[in-house]
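Trainee: Got a structure for you, questions after.
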Amino acid sequence: MILARYILREHIAPFFFGIFLIVFIFTMNLLFQMLGKLAGKGLALSVVLEFFALNLAWILALAVPMAVLIATLSAYGRLSADGEITALRASGVSPWQMILPTLAVSVVVAVGVLLFSNYLLPDMNHRAKLLRIDISRKKPTLNIEPGTYAFDIPHYVLHAERVDQHTGGIEEVAIYDEHVPGVRSTIIARHGRIRFEPREEVIYLTLDDGEIHRPTSHIPGDYEWTHFDSALFRVPAPGMVLRRGTSAAKGDREKSVKVMLSEVRRLKQQPPGRRIQRRIDGLMVEVHKKFSIPAACIVFILIGAPLGILAHKGGLGVAGAVSLIFFTVYWAFLVNGEDLAERGFISPAVAMWSPNVLLALIGVWFLWLARRRTSLPGIGWISERLVRWFSPAGAVDRTKTGDQK
0 MILARYILRE HIAPFFFGIF LIVFIFTMNL LFQMLGKLAG KGLALSVVLE
50 FFALNLAWIL ALAVPMAVLI ATLSAYGRLS ADGEITALRA SGVSPWQMIL
100 PTLAVSVVVA VGVLLFSNYL LPDMNHRAKL LRIDISRKKP TLNIEPGTYA
150 FDIPHYVLHA ERVDQHTGGI EEVAIYDEHV PGVRSTIIAR HGRIRFEPRE
200 EVIYLTLDDG EIHRPTSHIP GDYEWTHFDS ALFRVPAPGM VLRRGTSAAK
250 GDREKSVKVM LSEVRRLKQQ PPGRRIQRRI DGLMVEVHKK FSIPAACIVF
300 ILIGAPLGIL AHKGGLGVAG AVSLIFFTVY WAFLVNGEDL AERGFISPAV
350 AMWSPNVLLA LIGVWFLWLA RRRTSLPGIG WISERLVRWF SPAGAVDRTK
400 TGDQK
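Once you know that position 255 of the sequence shown is 254 in numbering that gives the first Met the number 0, the rest is easy, because the numbers rise by one and skip nothing.
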């Protein structure tokens with residue numbers, strides 16, 4: 000038990016560091032993708048934070064398996080680099096005994112990810128989709144910059160030479176009104192105030208010392224001119240307030256396993272056809288994915304632990320780089336398998352579980368090597384070649400060799 004606790008403690012810091020790093024990378028990627036859609040919408044900070052919090056669910060579902068691999072490589076690599084693995088072996092502790100505590104905890108982590116993916120993630124994905132739709136429908140907030148034309152209000156163009164963003168005061172105002180088809184009115188004023196009423200979705204313009212120029216309806220080419228000392232204009236501004244939707248059709252990633260299997264049984268009772276089968280395959284892909292991604296937590300232990308023991312390299316940098324390679328391979332197989340399954344070339348089970356099976360076989364091979372060797376085959380030769388290639392002495396040798404040729 001003492002050895003198990005010691006090994007597991009080595010995983011805690013790199014595990015949470017891995018989660019933080021992966022969540023940060025995915026969040027930054029999401030931010031850059033949504034920056035153009037969020038900027039200028041006049042969204043409250045709470046709405047922006049809610050949007051990223053809801054999207055944090057699917058990010059965490061992917062981050063945990065990756066963090067498990069980073070933590071395992073870092074922990075066992077550190078133990079191996081400091082000679083502690085060698086000491087344990089000399090004491091009669093086999094690599095399997097060293098890996099077993101981490102493997103047992105990975106099963107618990109995998110079950111937690113599975114429960115999260117099945118019961119919480121679908122609802123958060125659905126709420127994130129609803130909020131994304133609501134944000135896309137919301138029109139940009141009214142933002143009048145001095146000396147520029149504002150086209151945010153439908154059928155109206157506003158221009159002001161000076162604007163006080165705090166009080167709403169405006170000077171040298173010009174408004175071009177085209178809310179009546181074919182009729183363009185022009186309103187000018189020396190100064191005034193602008194106020195947006197969110198509840199009514201109306202902009203109130205109080206203008207002083209101004210004029211209205213409007214074409215006449217009965218005399219072509221002529222227009223009416225009206226002077227006013229003070230006037231209040233009520234301009235409708237629909238869509239500038241974020242309206243929260245409460246219902247929308249749920250996608251496959253917004254359903255639990257129970258709901259998707261129920262839909263599959265209903266589809267199987269219908270007359271068979273290509274469209275029905277593709278729909279069934281799409282649902283079953285998501286069902287298997289609910290289990291295969293959490294199971295990757297266990298598979299990554301089988302890879303990370305023996306690889307860390309054999310590599311004799313600790314540190315988060317090495318662990319992160321190696322983890323990126325394996326997770327890229329895993330994700331490439333998963334994404335392409337999903338596409339092939341939805342097109343009917345392979346079964347959903349094969350598509351979603353083949354990455355786990357492939358990496359598990361590699362992990363078993365690493366474990367077999369760890370029981371018989373103290374380092375990866377060829378790792379010394381590779382290290383020697385890299386040192387010779389990048390060292391100054393190696394560069395001189397290569398130059399001499401080139402001269403002799």
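Glycine included, C-beta positions come from ideal geometry on N, C-alpha and C.
Keep in mind it's a predicted model, so treat the numbers as computed, not measured.
What residue from L368, I98, L120 has the CA that sits closest to L2's CA?
Mentor: Of the listed residues, the one whose Cα sits closest to L2 is I98.
Trainee: Select from A159, S291, A70 the residue whose C-alpha is nearest the C-alpha of V321.
Mentor: With distances taken between Cα atoms, V321 lies closest to A70.
Trainee: In three-state terms, what does DSSP make of D408?
Mentor: As displayed, the chain neither begins before 0 nor continues past 404, which places residue 408 out of reach and without an answer.
Trainee: For L48, does the count of other Cβ atoms within 10 angstroms reach 16, so buried, or fall short, so exposed?
Mentor: Under this definition L48 is an exposed residue.
Trainee: What is the DSSP secondary structure of A38, counted as helix, strand or coil?
Mentor: Coil at A38, not helix or strand.
Trainee: Along the chain, where does the alpha helix (DSSP H) containing L99 start, and where does it finish?
Mentor: Residues 94–114.
Trainee: What distance in whole Å lies between the Cβ atoms of A350 and A340, which are believed to be in contact at a cut-off of 8 Å?
Mentor: That pair is a contact at about 4 Å.
Trainee: Check each candidate in P197, A310, Y175 and name the one with the smallest Cα separation from G41.
Mentor: Comparing Cα positions, the closest option is P197.
Trainee: Tell me whether A188 sits in a helix, a strand or coil according to DSSP, three-state version.
Mentor: In this structure, A188 counts as strand in the three-state DSSP scheme.
Trainee: Provide the residue span of the alpha helix (DSSP H) that contains I143, from first to last.
Mentor: Note, I143: premise wrong, no alpha helix (DSSP H); not H, not E.
Trainee: Could you please give me the residues that DSSP links to W224 through a beta bridge?
Mentor: Per DSSP, H212.
Trainee: Is L206 buried or exposed, if buried means 16 or more other CB atoms sit within 10 Å of its CB?
Mentor: Buried, because 16 or more other Cβ atoms sit within 10 Å of the Cβ of L206.
Trainee: Whole angstroms are fine: how far does the CA of W367 sit from the CA of A52?
Mentor: The alpha-carbon atoms of A52 and W367 are separated by roughly 42 Å.
Trainee: Just curious, the alpha helix (DSSP H) that I300 is in, first and last residue?
Mentor: Residues 273–310.
Trainee: Check F344 in the structure and name its three-state DSSP category.
Mentor: It is coil, neither helix nor strand.
Trainee: Are three or more beta carbon pairs between the stretch 63–78 and the stretch 256–269 nearer than 8 Å?
Mentor: The stretch 63–78 is not in contact with the stretch 256–269.
Trainee: Put A86 into one of helix, strand or coil per three-state DSSP.
Mentor: Looking at A86 - three-state DSSP - the assignment turns out to be helix.
Trainee: Is the Cβ-Cβ distance between V112 and P347 less than 7 Å?
Mentor: Cβ atoms of V112 and P347: not closer than 7 Å.
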